[in-house]
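Protein chains: 2
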Amino acid sequence: MGNDTAQTGHEEQTPVLKIAIIGFGNFGQFIANGIERQGHIVLATSRSDYSEYCERHGIQFFQSMDAMCEEQPDIVFVCSSILSTESVLRAVPLHKLKPDTIFADVLSVKQFPRNLFLEVLPAGFGVVCTHPMFGPESGKHGWKGLPFVYDKVRVSQNGPQAEKCAQFLNIFEQEGCRMVEMSCEEHDRHAAGSQFITHTIGRILSHLNLESTPINTKGYETLLQLTENTVSDSFDLYYGLFMYNVNATEQIENLDRAFETVKQKLFGRLHDILRKQIVERVPMQGIPIKAREPAASAYFLPPGEKITELSSFAMAPQGETRQSEVNLEPTVTRR
Amino acid sequence: MGNDTAQTGHEEQTPVLKIAIIGFGNFGQFIANGIERQGHIVLATSRSDYSEYCERHGIQFFQSMDAMCEEQPDIVFVCSSILSTESVLRAVPLHKLKPDTIFADVLSVKQFPRNLFLEVLPAGFGVVCTHPMFGPESGKHGWKGLPFVYDKVRVSQNGPQAEKCAQFLNIFEQEGCRMVEMSCEEHDRHAAGSQFITHTIGRILSHLNLESTPINTKGYETLLQLTENTVSDSFDLYYGLFMYNVNATEQIENLDRAFETVKQKLFGRLHDILRKQIVERVPMQGIPIKAREPAASAYFLPPGEKITELSSFAMAPQGETRQSEVNLEPTVTRR
């Protein structure tokens with residue numbers, strides 16, 4: 001097939017690659033579109049039967065991994081979920097493939113597939129770990145400017161494997177992706193601090209059942225959008241981001257600490273104000289005399305001393321004594 | 001001054017209002033611009049001296065509340081912070097004002113100022129509680145389409161007070177605001193579930209010291225933006241949203257529960273997988289025989305049984321036994 005040439009439309013014609021996608025769900029199909037746009041041959045296999053879809057899209061679908069591997073693809077592109085990738089990889093009949101076959105993945109975590117590939121694949125096989133940081137939703141209007149992270153983990157310096165790897169990566173470059181070469185460690189460190197945190201916030205918000213109000217602020221609109229996008233992804237994906245990224249647990253702990261800090265700042269300040277009145281008996285400015293009697297002060301002890309009851313502070317007037325509750329250090333800065 | 005007319009540019013000319021702003025910080029100045037654009041007279045007083053700024057902008061600045069009130073404004077527009085509003089209001093020499101003066105506020109909470117105004121102001125005074133849901137940042141390119149919430153708490157049905165109230169609200173309508181008439185209770189209920197939650201998420205994120213990475217997702221970009229916008233507001237504002245909104249504490253509790261739920265889902269699932277291996281001794285598919293020996297199972301007990309240590313799961317291979325850790329129910333759906 002060295003004589004075949006891809007119809008990429010750009011000057012020098014590159015030989016056609018035979019790319020076998022394992023795991024042909026939403027994402028596998030989505031990525032196949034780009035590969036076909038660049039004039040390469042797509043083979044596909046999956047747990048479910050996508051033969052009809054493939055027929056409509058000029059893709060060869062195989063009911064078994066064996067049948068597909070007998071086609072001796074140049075690239076085996078693993079597009080399965082994080083949770084299934086190991087069992088999927090171990091089911092590939094490696095002996096049926098060419099000795100210089102290149103394996104690539106698209107997982108949102110990178111150290112895990114890199115270690116798995118290096119552990120399972122024969123020495124001659126190439127390993128390219130990639131993370132297209134977009135999907136059917138964000139990439140529906142094309143891939144221009146969307147980040148494509150990759151790490152050439154194990155690819156021969158020159159010769160056919162090196163060329164095929166270059167052609168493979170060129171598919172995404174030609175589609176307009178922002179190509180980001182980065183080690184798998186670096187990717188996972190960055191991803192835990194950004195993508196995982198984002199998913200976590202979205203997951204948290206999804207449990208609040210936020211609703212659109214007649215007075216949405218711009219900031220709130222973005223949270224509603226974030227929640228919508230997050231829940232459109234499977235919990236398996238989110239769980240995978242957590243389970244298979246060594247840095248994720250640390251980020252959960254950081255988020256935990258941050259939330260505690262905010263709560264402490266809020267409730268701590270309430271406590272200080274109350275303590276001043278109740279313990280130190282400091283009269284606040286503007287309090288009418290009778291509010292300074294013990295009875296009045298006692299009123300400020302929240303029911304059952306539950307700090308969470310303190311929002312009763314903003315309730316409708318309970319007579320003069322209420323004034324002192326809202327008489328805090330005046331500062332005419334912003335609302 | 002009934003003969004003066006405003007240069008609003010639109011057909012019928014409306015009489016000029018004399019609007020006295022108390023609290024001339026960023027927001028007071030920002031709101032004054034719109035009032036002047038609509039051709040009304042702005043008087044201002046504040047704790048700090050803004051006389052130079054006012055001179056440059058054709059605004060009368062008064063060093064004392066007394067001096068300003070002697071000008072007998074039609075509207076007293078309180079633009080102080082939530083925390084200082086009560087002490088500010090109580091310092092106004094009400095006897096110097098016209099008996100039908102209208103008081104308005106701009107706080108991000110509404111039940112509190114409504115109750116305060118009704119408690120402090122003489123019966124003849126008008127009360128209009130407003131919340132312009134924008135500021136110097138979001139409104140720097142004009143107020144078109146930005147929500148302006150208001151509640152005509154106490155305004156005479158007709159006569160000069162009714163007319164002046166209409167003129168006052170017309171300022172924001174003419175500036176293109178989306179006018180939302182809403183009771184103070186309804187506002188606070190909506191605001192706690194939207195604005196307060198948004199500020200809280202922003203505050204939490206600000207403690208994570210998030211940084212831009214080479215692989216930012218769109219969702220992460222919005223979180224970075226949200227954090228930036230949140231910290232540009234004072235903590236006093238955030239504290240005010242919490243302290244003076246009866247619904248805020250409930251929202252903090254909901255957020256707390258939501259975070260716990262997400263953590264439980266993540267760690268709970270890890271626990272289930274471990275328990276299957278350690279307690280029920282269920283061999284996972286694809287585990288080599290030797291991995292099924294007690295020694296191998298024991299390996300899955302996280303150090304010190306700290307659930308947070310479980311991220312060690314995604315570490316580099318520790319030999320064959322590692323496989324079982326990542327052999328979970330295969331599902332070839334998305335990455």
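Line order of the protein sequences matches chains P and V.
Residues in the first sequence are numbered consecutively from 1, following UniProt numbering.
Residues in the second sequence are numbered consecutively from 1, following UniProt numbering.
By construction, the Cβ of each residue, glycine as well, lies at the ideal position given by its N, Cα and C atoms.
Item, Value
"Let me make sure I understand the geometry here. Which of 195/P, 146/P, 208/P and 57/P has the alpha-carbon closest to that of residue 193/V?", "208/P"
"Should the stretch 253 to 267 of chain V be regarded as contacting the stretch 225 to 232 of chain P, the criterion being three or more beta carbon pairs within less than 8 Å?", "no"
"Counting only Cβ pairs nearer than 7 Å, list the residues of chain V close to residue 252/P.", "263"
"Between the Cα of residue 134/V and those of 27/V, 261/V and 23/V, spot the shortest distance and give me the residue it belongs to.", "27/V"
"Taking 8 Å as the CB-CB cut-off, is residue 216/P touching chain V?", "yes"
"Answer with yes or no whether the minimum CB distance from residue 67/P to chain V is below 8 Å.", "no"
"Give me the residue from 142/V, 124/V and 125/V with the minimum Cα distance to residue 132/V.", "142/V"
"Return no unless some Cβ of chain P is closer than 8 Å to the Cβ of residue 89/V.", "no"
"On the three-state DSSP scale, how would you describe residue 47/V?", "coil"
"Within 10 Å of its beta-carbon, does residue 154/V have 16 or more other beta-carbons around it, so buried, or fewer, so exposed?", "buried"
"Just the chain V side, please: which residues come within less than 8 Å of residue 150/P by C-beta, in chain order?", "By Cβ distance, chain V contributes nothing, its closest Cβ being about 11 Å from residue 150/P, past 8 Å."
"Applying the 10 Å Cβ sphere with the 16-neighbour rule, what's the burial state of residue 272/P?", "exposed"
"Quick one: what's got a C-beta closer than 8 Å to residue 222/V's C-beta in the same chain, skipping five residues either side?", "none"
"Just to make sure I have the definition right: I need the residues of chain V whose C-beta is within less than 9 Å of the C-beta of residue 99/P. Which are they?", "By Cβ distance, chain V contributes nothing, its closest Cβ being about 23 Å from residue 99/P, past 9 Å."
"Less than 8 Å between CB atoms is the rule here; does residue 210/V satisfy it with respect to chain P?", "yes"
"At a Cβ cut of 9 Å, what residues of the stretch 36 to 68 of chain V count as close to chain P, listed as they run along the chain?", "46, 47 and 48"
"Cβ closer than 7 Å: which chain P residues qualify as neighbours of residue 337/V?", "Outside the displayed span of chain V (1 to 335) sits residue 337/V, for which this structure offers no information."
"Under the three-state reduction of DSSP, which class applies to residue 129/V: helix, strand or coil?", "strand"
"For the stretch 79 to 91 of chain P against the stretch 111 to 123 of chain P, do three or more pairs of beta-carbon atoms, one drawn from each stretch, fall closer than 8 Å, so that the two count as touching?", "yes"
"If we ignore side chains and look at the alpha-carbon of each, how far apart do residue 72/P and residue 57/P end up?", "21 Å"
"Check whether the Cβ of residue 94/V lies closer than 8 Å to any Cβ atom in chain P.", "no"
"Note down, in chain order, every chain V residue with its Cβ under 9 Å from the Cβ of residue 73/P.", "In chain order: nothing, as chain V lies at least about 18 Å away."
"So that I know if they touch, is there some Cβ in chain V lying closer than 8 Å to that of residue 182/P?", "yes"
"Beta-carbon within less than 7 Å of residue 248/P's beta-carbon, same chain only, minus the 5 sequence neighbours each way: which residues are those?", "192, 196, 241 and 242"
"Whose Cβ in chain P lies nearer than 9 Å to the Cβ of residue 229/V?", "218 and 219"
"By DSSP, does residue 166/V sit in helix, in strand, or in coil?", "helix"
"Identify every residue that forms a DSSP beta bridge with residue 61/P.", "44/P"
"Relative to chain V, which residues along the stretch 118 to 134 of chain P have a C-beta separation below 7 Å, given in chain order?", "119 and 133"
"Can you tell me the Cα-Cα spacing of residue 147/V and residue 215/V, whole angstroms?", "35 Å"
"Would you list, in sequence order, the uninterrupted alpha helix (DSSP H) runs of no fewer than 4 residues that lie entirely inside the stretch 136 to 183 of chain V?", "160 to 174"
"I'd like to confirm the pairing. Which residues does DSSP put opposite residue 104/P in its beta bridges?", "77/P and 128/P"
"Reducing DSSP to helix, strand and coil, say where residue 99/P ends up.", "coil"
"Rank 21/V, 34/V, 116/V and 20/V by C-alpha distance to the C-alpha of residue 176/V and give the top, closest one.", "34/V"
"Label residue 235/P either buried or exposed according to how many other C-beta atoms from any shown protein chain fall within 10 Å of its C-beta, with 16 as the threshold for buried.", "exposed"
"Can you list, in chain order, the residues of its chain with a C-beta nearer than 7 Å to that of residue 124/P? Leave out the 5 residues immediately preceding and following it.", "99 and 100"
"Compute every distance between the C-beta of residue 205/P and the non-hydrogen atoms of the ligand SAM, then say whether any falls below 7 Å.", "For the ligand SAM, the structure offers nothing, since it holds no ligand at all."
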